[in-house]
Structures are given as structure tokens and as C-alpha cells.
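Peer 1: Just dropping this structure here.
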């Protein structure tokens with residue numbers, strides 16, 4: 225019998241228009257399904273948190289689908305979920321650590337389709353692997369900061385040029 229897993233998809237497009245144009249969720253699901261096919265796993269269900277920050281610490285109120293998925297995992301036989309990459313899991317090392325601790329407490333796994341690593345695993349016997357995982361999470365956090373910086377710069381330039389930058393139209 226094939227191992228059943230859940231797919232978790234998270235996008236952080238804040239604007240509804242940008243989220244509607246984005247194919248990030250479809251791309252993530254495709255990546256997850258390809259990974260599962262290689263592992264001979266089957267995706268039992270997919271959970272989508274669209275327009276949700278990956279940097280919200282342990283506060284899962286914004287991550288409604290994630291909370292729903294965890295509740296199902298704690299009550300049924302599915303013990304693994306797969307994300308397309310570490311950035312879809314969390315965009316800060318603190319958020320990743322909090323989620324990882326919660327998953328370990330219940331014996332759950334969070335697989336990264338891009339590396340094949342369990343993002344929730346705590347490897348005390350392999351410090352190099354732990355260091356690499358921490359570096360990957362730091363890179364995800366850095367990526368988030370760079371994206372925010374680029375967006376803020378674009379908004380400033382558009383405002384300076386007299387363009388509409390969001391909010392209530394004056």
C-alpha cells in the first residue's frame with residue numbers, strides 16, 4: 225500500500241490581483257506531486273493557505289488550512305505532509321523552529337520536495353545537516369526581506385511618479 229501524505233501550499237501574495245495572476249500554488253502542487261511520484265507516495269489531500277505570511281512565528285491563526293491539516297494529521301493515519309520547498313514551510317528560522325517543535329511533539333514529518341529532507345527532523349547526531357538546514361531557513365528569511373525591500377522601493381518610485389499605490393483611492 226502506498227504511503228498517503230498531505231500537500232501543503234502557501235503563497236504570500238498580499239494583493240488579491242497579484243494572487244489571482246500568480247500560478248505559484250499550481251507550480252507548488254506540481255512539484256509536490258512529482259516528488260511523491262518518485263517516492264511512490266500518494267497525495268491524499270492538499271491544503272492551501274493563499275496570501276499568508278511565512279513569517280508569523282507560532283501564530284497559526286492566519287494559516288487556517290495549515291491548522292486544519294495539523295488537526296487532521298493528529299487524528300488520522302497521515303503523518304507526513306510535503307511542501308514544494310523550505311520557503312513554503314516558513315520564511316524565518318524562528319517560525320520554522322516553532323513549527324518543527326510542534327510537529328516533532330506529535331511524531332509528524334514535513335518533507336521538502338526540493339531536497340527530500342524532513343524539515344521537522346532534529347538531527348543531534350549530524351551537526352552538519354542541522355547547520356545546512358538552518359542556513360536554508362536563513363536564506364528563506366533573507367529572500368523574504370529582499371522581496372519586501374524591492375516592493376517598498378517600487379511603491380516609493382510609483383508614488384513619486386504620481387501613481388496609485390494601493391489603499392483607498394483619494
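Residue numbers (the numbering used here): 225 to 394.
Just so it is clear, CB atoms sit at the ideal spot from N, CA and C, and this is done for glycine as well.
(1) Measuring alpha carbon to alpha carbon, tell me which residue in 337, 324 and 315 is nearest residue 261.
(2) Can you tell which of 355, 255 and 289 has the C-alpha that lies nearest to the C-alpha of residue 307?
(3) Going by the CB atoms, is the gap between residue 231 and residue 305 shorter than 8 Å?
(4) Looking only at C-alpha atoms, which of 313, 332 and 312 sits nearest to residue 299?
(5) For residue 293, tell me which candidate among 377, 341, 315 and 334 has the shortest Cα-Cα distance.
(6) How many Å lie between residue 318 and residue 386 at the Cα?
(7) Going straight from the alpha carbon of residue 236 to that of residue 276, what length do you get?
(8) Scan the region 308–360 and note each continuous alpha helix (DSSP H) run of 4 residues or more that stays entirely inside, going in chain order.
(9) What is the residue span of the beta strand (DSSP E) that residue 269 lies within?
(10) Run through DSSP, which three-state label would residue 255 get?
(11) Under three-state DSSP, which class holds residue 382?
(12) Alpha carbon to alpha carbon, what distance is there between residue 351 and residue 257?
Peer 2: The answer reads as follows:
(1) 337
(2) 255
(3) Less than 8 Å separates the beta-carbon of residue 305 from that of residue 231.
(4) 332
(5) 334
(6) Cα-Cα distance, rounded: 39 Å.
(7) 5 Å
(8) 310–313 and 317–329
(9) 265–273
(10) helix
(11) DSSP places residue 382 in helix when its eight states are reduced to three.
(12) 30 Å
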